[in-house]
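**Student:** Here's a structure for you.
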Amino acid sequence: MNDPIPPAKSSQQPEERQAISRLRQLLNESGFLHASLIRHPRRCGKDYCRCSQGKRHYHQSWLIGQTLKGRTQMKHLRPELVEQVRVWIERYREADALLERISKTYWQRLKKRRP
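For the sequence shown, the working numbering assigns the number 20 to the initial residue and increments by one for each residue that follows.
Structure, rendered in structure tokens:
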């Protein structure tokens with residue numbers, strides 16, 4: 020029986036090999052987060068603060084949001100964590116896109132295979 024999944028690297032297509040290699044690199048790095056980073060302008064509520072003058076003076080805070088079992092969960096972030104969380108989210112999205120590319124390659128192999 021002809022196996023649709025090539026066992027050796029030499030039988031993989033270059034695009035597939037690149038995607039698998041990059042995915043391995045990503046998995047060796049720490050931090051993946053399936054969430055959205057949200058900038059949240061807000062008023063502090065103090066009458067004497069400049070944020071009471073209008074929206075352009077609002078304070079900036081950051082949230083991460085994630086939907087689990089149909090419910091959205093939000094969490095406030097400290098300003099010093101924003102860049103690190105942004106990297107984790109980008110890493111997750113890149114890994115997800117790579118998995119999708121690899122999956123498409125295997126679907127094409129299965130389609131070419133005779134029943």
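For each residue, glycine too, the CB sits at the ideal point set by N, CA and C.
How many angstroms separate the CA atom of Leu96 from the CA atom of Arg105?
**Tutor:** Position 77 of the sequence shown, counted from the first residue, corresponds to residue 96. Position 86 of the sequence shown, counted from the first residue, corresponds to residue 105. Computed Cα separation, rounded: 11 Å.
**Student:** Cβ of Tyr77 within 7 Å of Cβ of Arg61?
**Tutor:** Reading the sequence shown from its first residue, position 58 is the one you call residue 77. Reading the sequence shown from its first residue, position 42 is the one you call residue 61. Yes, the Cβ-Cβ distance between Tyr77 and Arg61 is below 7 Å.
**Student:** Using three-state DSSP, classify Gln31 as helix, strand or coil.
**Tutor:** Indexing the sequence shown from 1 puts residue 31 at position 12. Reduced to three states, the DSSP call for Gln31 is coil.
**Student:** Taking the CB atoms as reference points, tell me whether Leu42 and Leu129 lie closer together than 7 Å.
**Tutor:** For this step, residue 42 is matched to residue 23 along the sequence shown. For this step, residue 129 is matched to residue 110 along the sequence shown. Note that the C-beta distance between Leu42 and Leu129 is not below 7 Å.
**Student:** Roughly how many angstroms separate the alpha carbons of Asp66 and Ser55, rounded to a whole number?
**Tutor:** Within the sequence shown, residue 66 is the residue found at index 47, counting from 1. Within the sequence shown, residue 55 is the residue found at index 36, counting from 1. Answer to the nearest angstrom: the Cα atoms are 32 Å apart.
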